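S.K.: Same order as they appear, the protein sequences are chains Y and F.
All residue numbers for the first sequence refer to numbering that gives the first Met the number 0, where the first residue is 0 and numbers rise by one.
All residue numbers for the second sequence refer to numbering that gives the first Met the number 0, where the first residue is 0 and numbers rise by one.
The beta carbon of each residue, even a glycine, is placed where N, CA and C say it ideally should be.
Fair warning: this is a prediction, and the values are worked out from it, not measured in the lab.
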Amino acid sequence: MNFALDQRLRIAGVLIVIGLVIEGWTLRWNSPIGFLVFLGLGGLFIACGVLVYLLTLVAIPEAPDSVAPKSSAVS
Amino acid sequence: MPIWITYAVLIMTVVVIGIVVLVPAVTISRGGKILAFLALFVFPLLAVALGYQHHMDRATQTSFCLSCHVMEPYGRSLHVDDPSWLPAAHYQNHRVPHDEACYTCHTDYVMYGTIKSKWRGLHHVYVQYFGNPKPPLHLYVAYNNRECLHCHLGARSFEQGTTHTADPEIMADIKSNKMSCLTSGCHDQVHNTTKLNEVKYWEGPQAQ
Numbered sequence: 000m001n002f003a004l005d006q007r008l009r010i011a012g013v014l015i016v017i018g019l020v021i022e023g024w025t026l027r028w029n030s031p032i033g034f035l036v037f038l039g040l041g042g043l044f045i046a047c048g049v050l051v052y053l054l055t056l057v058a059i060p061e062a063p064d065s066v067a068p069k070s071s072a073v074s
Numbered sequence: 000m001p002i003w004i005t006y007a008v009l010i011m012t013v014v015v016i017g018i019v020v021l022v023p024a025v026t027i028s029r030g031g032k033i034l035a036f037l038a039l040f041v042f043p044l045l046a047v048a049l050g051y052q053h054h055m056d057r058a059t060q061t062s063f064c065l066s067c068h069v070m071e072p073y074g075r076s077l078h079v080d081d082p083s084w085l086p087a088a089h090y091q092n093h094r095v096p097h098d099e100a101c102y103t104c105h106t107d108y109v110m111y112g113t114i115k116s117k118w119r120g121l122h123h124v125y126v127q128y129f130g131n132p133k134p135p136l137h138l139y140v141a142y143n144n145r146e147c148l149h150c151h152l153g154a155r156s157f158e159q160g161t162t163h164t165a166d167p168e169i170m171a172d173i174k175s176n177k178m179s180c181l182t183s184g185c186h187d188q189v190h191n192t193t194k195l196n197e198v199k200y201w202e203g204p205q206a207q
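(1) I want to see whether chain F comes within less than 8 Å of Ala-11(Y), judged by CB atoms only; does it?
(2) Do Phe-44(Y) and Leu-14(Y) come within 8 Å of each other at the CB atom, strictly closer than that value?
(3) Just list the alpha helix (DSSP H) runs in the stretch 124-156 of chain F, keeping only unbroken ones of 4 residues or longer that don't cross its boundaries, in chain order.
(4) Who does Cys-95(F) pair with in a DSSP beta bridge?
(5) Should Thr-55(Y) and Leu-19(Y) be called a contact, given that it needs their Cβ atoms to be closer than 8 Å?
(6) Considering only C-alpha positions, which residue in the set Asn-191(F), Cys-101(F) and Gly-184(F) is nearest to His-59(F)?
(7) Would a check of beta-carbon distances place Leu-26(Y) closer than 8 Å to chain F?
(8) Taking only beta-carbon atoms, is Arg-29(F) less than 8 Å away from chain Y?
(9) Around the C-beta of Glu-22(Y), are 16 or more other C-beta atoms found within 10 angstroms, so that it is buried, or is it exposed?
(10) I need the straight-line Cα distance from Ile-10(F) to Ser-66(F), nearest angstrom please.
(11) I need the DSSP call for Tyr-73(F), collapsed to helix, strand or coil.
(12) Quick one: measure Cβ to Cβ for Arg-57(F) and Asn-29(Y), integer angstroms, because I've assumed they're closer than 8 Å.
(13) Output needed in chain order: residues of the stretch 57-89 of chain F with a Cβ under 8 Å from some Cβ in chain Y.
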């Protein structure tokens, strides 16, 4: 298990869920301000979440030392 | 597209994200990685696209335009009981759809016209909240005959209208937008919001 990786996936997931909840809320809001909230707030959260996920993919955090293979070199 | 599809995608996305967030160990396997990719990239983008489409569709509705206080007199002008009032005559005789009355006449019937209209709409929102709009409002650019001709071109009432055919030059000037339908003195009773207290109103269905 890579705790840092899990943590980043959780952060991405939570950001996206917040954005989706905002989107769902604005779908019932029949006014221009609803569109602004959808795009400016919901879109921002979702974009941040997706960005965190993509950054996690291209820069996967290293696993803790405890699971890394030990060096056999002994002086 | 029915709104329930958008809601279904939203709920499905939240559920799948929930699995990835609560049980991140699933991402160890190949299938789990694909699930995470769907949950954290594909489905959210799909949900945003559907939501955006829904908002865009709703932005064409009469009720959406009239939700701003400053547009209220323009909504009232659709119910004036006088056929010489252009928007009222169009609205009351179903020449424009009731639920898209504003958009039908105030979009640009050109390539990317819808996108231009949306940008104008965003500017309206900016002015609504950060400016001080007061009726009578003014168009950003003069009304183009093209928007009238989108429907009226080829119609008998337009092509064979007595005034339109009185001189061949008139018809050519109308079609080339040299002679405005609205400001050349022919169809100049448009929303006329300053005179709304002096007119009678039609008792038909109210603006939505």
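M.R.: Let me spell this out:
(1) Here residue 11(Y) refers to the residue found at position 12 when the first sequence is read from its first residue. Chain F, which has a Cβ nearer than 8 Å to the Cβ of Ala-11(Y), makes this yes.
(2) Taking the first residue of the first sequence as 1, we reach residue 14(Y) at position 15. Taking the first residue of the first sequence as 1, we reach residue 44(Y) at position 45. Yes; because the gap between Cβ atoms is below 8 Å, this pair is in contact.
(3) Taken in chain order, the unbroken stretches of alpha helix (DSSP H) that lie wholly in the stretch 124-156 of chain F and span 4 residues or more are 144-151.
(4) The residue given as residue 95(F) occupies position 96 in the second sequence. Cys is not the amino acid found at residue 95(F); the sequence shown has Val there. The partner list for Val-95(F) (beta bridge, DSSP) is empty, contrary to what the question assumes.
(5) For the purposes of this step, residue 55(Y) is identified with residue 56 of the first sequence, where counting begins at 1. For the purposes of this step, residue 19(Y) is identified with residue 20 of the first sequence, where counting begins at 1. When the beta-carbon positions are compared, Thr-55(Y) and Leu-19(Y) stay at least 8 Å from each other.
(6) Locating residue 59(F) in the second sequence gives position 60, counting from the first residue. Going by the sequence as given, residue 59(F) is Thr instead of His. Nearest of Asn-191(F), Cys-101(F) and Gly-184(F) to Thr-59(F), Cα basis: Cys-101(F).
(7) Start at 1 with the first residue of the first sequence, and residue 26(Y) comes out as number 27. At least one CB of chain F lies nearer than 8 Å to the CB of Leu-26(Y).
(8) Here residue 29(F) is taken as the residue at index 30 of the second sequence, counted from 1. Residue-level contact check: Arg-29(F) does not touch chain Y, since none of the beta carbons of chain Y fall below 8 Å from its beta carbon.
(9) Stepping through the first sequence from its first residue, residue 22(Y) is reached at position 23. Under this definition Glu-22(Y) is a buried residue.
(10) Here the question's residue 10(F) lines up with position 11 in the second sequence. Here the question's residue 66(F) lines up with position 67 in the second sequence. Taking the Cα positions, Ile-10(F) is about 29 Å away from Ser-66(F).
(11) As a position in the second sequence, residue 73(F) is number 74, starting the count at 1. Assignment of Tyr-73(F) by DSSP, reduced to helix, strand and coil, places it in the helix class.
(12) As a working note, residue 57(F) is residue 58 in the second sequence. As a working note, residue 29(Y) is residue 30 in the first sequence. At roughly 6 Å, the Cβ-Cβ gap stays under 8 Å, so Arg-57(F) and Asn-29(Y) are in contact.
(13) Residues of the stretch 57-89 of chain F with a Cβ closer than 8 Å to any Cβ of chain Y, in chain order: Arg-57, Ala-58, Gln-60, Ser-62, Phe-63, Ser-66 and Cys-67.
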